[in-house]
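Here is the structure we will look at.
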Amino acid sequence: MISGVLILVALIAVVVLVLRKVTHRAGAGTPDGHAVRRFFQYLLLYGLLVVGAVGVSGLLGRLFDRSFAEDEATLALYVAFTVVGVPLYAGMALWSRRTFRTSATEGRSLGWAFYATAASLTSLGFAATAAYGLLAWATDLEPYSGSAIGQLLVWGAVWGVHWWLDGRVTPPDRSRPHHLLGSLAGLVTAATGMGTFLAGALAALLGLGSDQVLAGQDRRLLEGGIALVVGAAIWVVYWLLTAARSERESLWLGYVLLVGVGGGLATAIVAASTVLYTVLVWLLGDPGPVEAAVHFEGLPGGVGAAVVGVLAWWYHHAVLAQAGSGKRTEVQRIYEYLMAGVSLLAAAAGLTMVLVALVEGVSDSGEVVVGESAVNTLLAATTLLVVGVPVWWFFWHRIQRVAAATPAEEHAAPTRRFYLLVLFGVGGVAAVISLLVGVYLLIRDILAGTAGSATLFDVRFPAGILVSTAAISTYHWFVYREEREAVAPSAHGPRYVLLVGAPDEELVRAVARNTGGRVQAWRRMDDGETHWSADEVMTALSTTTEDEVIVLSDAQGLHAIPVHRSRGD
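Numbering-wise, numbering that gives the first Met the number 0 puts 316 at position 317 of the sequence shown, and it's gapless, one number per residue.
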């Protein structure tokens with residue numbers, strides 16, 4: 000143990016000396032030297048913080064537990080972490096403070112952003128776990144633990160100090176990942192707690208849990224309530240008081256759309272599907288020789304998850320609508336196409352299982368995919384179709400409305416092209432593979448002289464996958480081909496177009512697609528940002544037949560000016 004501590008001290012000392020040498024030469028060094036110095040400096044600072052805090056919190060926990068004589072090995076580890084980690088961390092912190100005074104760009108460095116984020120979130124996790132343990136002890140869910148008190152005091156103080164430092168030193172654009180990750184941690188914790196609380200309450204109302212709700216075996220009410228309190232506190236600090244008021248840029252939109260709106264909707268759909276299938280099997284299917292309490296044991300959890308998912312979706316959708324700028328972004332496209340794709344795959348799985356269930360129903364084999372009978376397989380397929388088809392239609396219909404309103408921009412969007420090509424490609428590959436497997440099984444049984452109902456049963460999955468994937472692939476191929484044909488007649492125009500005042504990459508791609516030429520965009524320094532559409536640019540280009548054109552904007556709109564470039568351009 001002593002030799003290990005000595006090796007750790009020697010290693011840290013060597014790293015500190017190397018970092019000092021790098022720092023002394025940084026005055027005449029290169030930016031790469033600064034990056035290397037910051038990487039090791041803040042990585043070491045973070046490691047020493049964790050070591051020192053673990054040691055101090057462990058010793059405080061022993062003090063509150065009054066158990067210094069127990070488990071000498073762990074006690075020695077805590078002492079070593081404290082006497083080594085705390086002084087070295089203090090020295091590294093003082094040195095880092097000096098680098099902030101000598102460098103005006105230190106607060107914007109990725110090294111500091113990594114340290115502030117990692118230290119804050121690590122301390123937040125330890126403090127939240129300790130707070131949960133103390134609340135569980137206060138409600139008689141868990142026995143007394145002095146280590147939870149020490150952990151909360153130390154890690155709570157560490158989080159508070161770093162939260163204050165992050166607010167004073169880190170620029171808003173660098174601290175945004177930290178705030179959004181903290182918001183995510185609070186949201187997930189609070190949502191899990193609320194779902195567990197609702198599940199316990201519903202189980203008590205339906206008589207599916209223990210008769211003693213608070214003190215009995217069903218602890219979900221208290222466990223969920225504690226998790227909800229801890230998660231809500233984190234979410235309020237990180238989201239309501241901080242991240243929700245920050246700039247609405249791509250990372251913020253990605254969190255709200257993909258995590259809040261998309262994650263909430265996906266959770267609600269999956270949970271509702273589980274609940275629907277459980278009810279259908281009991282009413283119409285074959286639940287097997289089980290009592291209602293056993294069959295519906297998972298029903299409260301599914302209902303709780305569905306309610307939480309709907310609430311998360313509703314809230315973040317309202318936040319997005321309130322902060323919306325009216326301009327369609329690529330992040331929004333990713334969300335809509337992702338939801339459409341996932342729901343379409345669910346519907347395709349349902350269609351496949353319908354065919355499988357039909358084969359299981361007419362086959363003599365006793366094997367089934369879901370539950371105790373082919374009826375359960377059909378009910379599972381029905382659930383997937385009932386949930387998947389409406390969701391897909393909702394998102395796809397909205398996407399198609401936007402595509403009809405602004406065809407040039409939407410058809411040229413990389414997310415849409417990726418969506419269409421992937422569904423066509425994956426569907427086609429899956430259809431070919433399933434066709435090969437089905438034909439192989441059929442020929443195998445014919446050559447062996449065993450072709451019959453067993454062969455039909457064996458090819459049920461290849462046949463179902465073939466039908467569903469072929470339908471998906473064919474539909475999306477027709478959509479993609481119609482878009483290409485619609486754009487093809489207008490895909491001619493100037494060989495070179497310079498857009499002066501429209502620094503929009505999506506617009507550049509759309510105009511290039513429509514003209515078939517080379518398109519560039521220059522930002523005007525004497526004019527504010529204006530929004531151009533591809534349709535307006537194409538209207539301006541239709542006024543000239545020259546091969547090289549500059550497009551400018553004034554009070555009357557867009558104008559195309561023919562130019563002639565030299566050979567060197």
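Note that the Cβ used here is the ideal one computed from N, Cα and C, for glycine as well.
Taking the beta carbon of residue i as the centre, do at least 16 other beta carbons fall within 10 Å, making it buried, or is it exposed?
i, result
"Trp-391", "buried"
"Ser-249", "exposed"
"Phe-196", "buried"
"Asp-553", "exposed"
"His-475", "buried"
"Tyr-439", "exposed"
"Gly-424", "exposed"
"Arg-244", "exposed"
"Tyr-143", "exposed"
"Asp-70", "exposed"
"Gly-448", "exposed"
"Leu-10", "The pLDDT assigned to Leu-10 is 44, lower than 50, so where the model puts this residue is not dependable, and the model offers no usable value."
"Phe-417", "exposed"
"Thr-542", "exposed"
"Pro-286", "buried"
"Ser-204", "Note that residue 204 corresponds to Leu in the displayed sequence, not to Ser. It is exposed - the Cβ of Leu-204 has fewer than 16 other Cβ atoms within 10 Å."
"Thr-29", "Low confidence applies here, because Thr-29 scores a pLDDT of 42, under 50, leaving its location unreliable and the question unanswered by this model."
"Met-0", "Bear in mind that a pLDDT of 37 at Met-0, under 50, signals an unreliable position, so the model cannot answer this."
"Val-330", "buried"
"Ser-433", "buried"
"Trp-154", "buried"
"Ile-148", "buried"
"Val-293", "exposed"
"Leu-498", "buried"
So the alpha helix (DSSP H) residue i belongs to, where does it begin and stop?
i, result
"Leu-434", "413-447"
"Arg-219", "219-234"
"Pro-176", "171-205"
"Thr-328", "Looking at the DSSP string, Thr-328 is not in any alpha helix (DSSP H), and its letter there is neither H nor E."
"Trp-111", "109-137"
"Gly-155", "145-168"
"Asp-534", "533-540"
"Pro-612", "Because residue 612 is not part of the residues shown, which for the chain are 0 to 568, the question remains open."
"Trp-251", "249-253"
"Val-82", "71-101"
"His-294", "291-294"
"Ala-450", "It is not in any alpha helix (DSSP H) - Ala-450 carries neither H nor E in the DSSP assignment."
Could you give the residue range of the beta strand (DSSP E) that holds residue i?
i, result
"Ser-552", "547-553"
Using 8 Å as the threshold, is the C-beta distance between residue i and residue j below it?
i, j, result
"Leu-58", "Thr-81", "yes"
"Gly-60", "Gln-150", "yes"
"Thr-277", "Gly-297", "yes"
"Leu-183", "Val-258", "yes"
"Leu-120", "Gly-181", "yes"
"Ile-268", "Val-386", "yes"
"Arg-569", "Ala-112", "Residue 569 falls outside the range modelled here, since the chain spans only 0 to 568, and no answer is possible."
"Trp-227", "Ala-200", "Here residue 227 is Leu; the residue named in the question, Trp, does not match the sequence. Against a cut-off of 8 Å, the Cβ pair of Ala-200 and Leu-227 comes out as no contact."
"Leu-152", "Tyr-88", "no"
"Gly-492", "Gly-516", "yes"
"Ala-202", "His-161", "no"
"Thr-405", "Ser-532", "yes"
"Leu-186", "Ala-242", "no"
"Val-536", "Val-550", "yes"
"Leu-280", "Leu-378", "The amino acid at residue 280 is misidentified as Leu; the sequence shows Val. It is a contact, given that the beta carbons lie within the stated cut-off."
"Ala-284", "Asn-375", "With the sequence shown as reference, residue 284 is identified as Gly, and Ala is not the correct amino acid for it. A contact, by the Cβ cut-off of 8 Å."
"Ala-380", "Ala-430", "no"
"Val-548", "Leu-540", "yes"
"Leu-319", "Val-255", "yes"
"Ile-225", "Thr-138", "yes"
"Gln-40", "Gly-110", "yes"
"Leu-435", "Tyr-479", "no"
Any idea which residues DSSP pairs residue i with across the strands?
i, result
"Gly-556", "Asp-553"
"Val-496", "Val-518, Val-548"
"Pro-561", "Val-548"
Inter-stretch contact at 8 Å, needing at least 3 Cβ pairs: the region 350-360 / the region 289-306: no
Across the region 99-110 and the region 157-177, are there enough close Cβ pairs to call them in contact, namely three or more that are closer than 8 Å? yes
Could you tell me whether the region 411-426 touches the region 501-518, using the rule of 3 or more Cβ pairs below 8 Å? yes
Taking three-plus beta-carbon pairs below 8 Å as touching, is the region 395-402 in contact with the region 448-462? Not touching, per the Cβ criterion.
Specify whether the region 338-347 and the region 230-244 touch according to this definition: at least 3 beta carbon pairs, one from each stretch, less than 8 Å apart. The region 338-347 is not in contact with the region 230-244.
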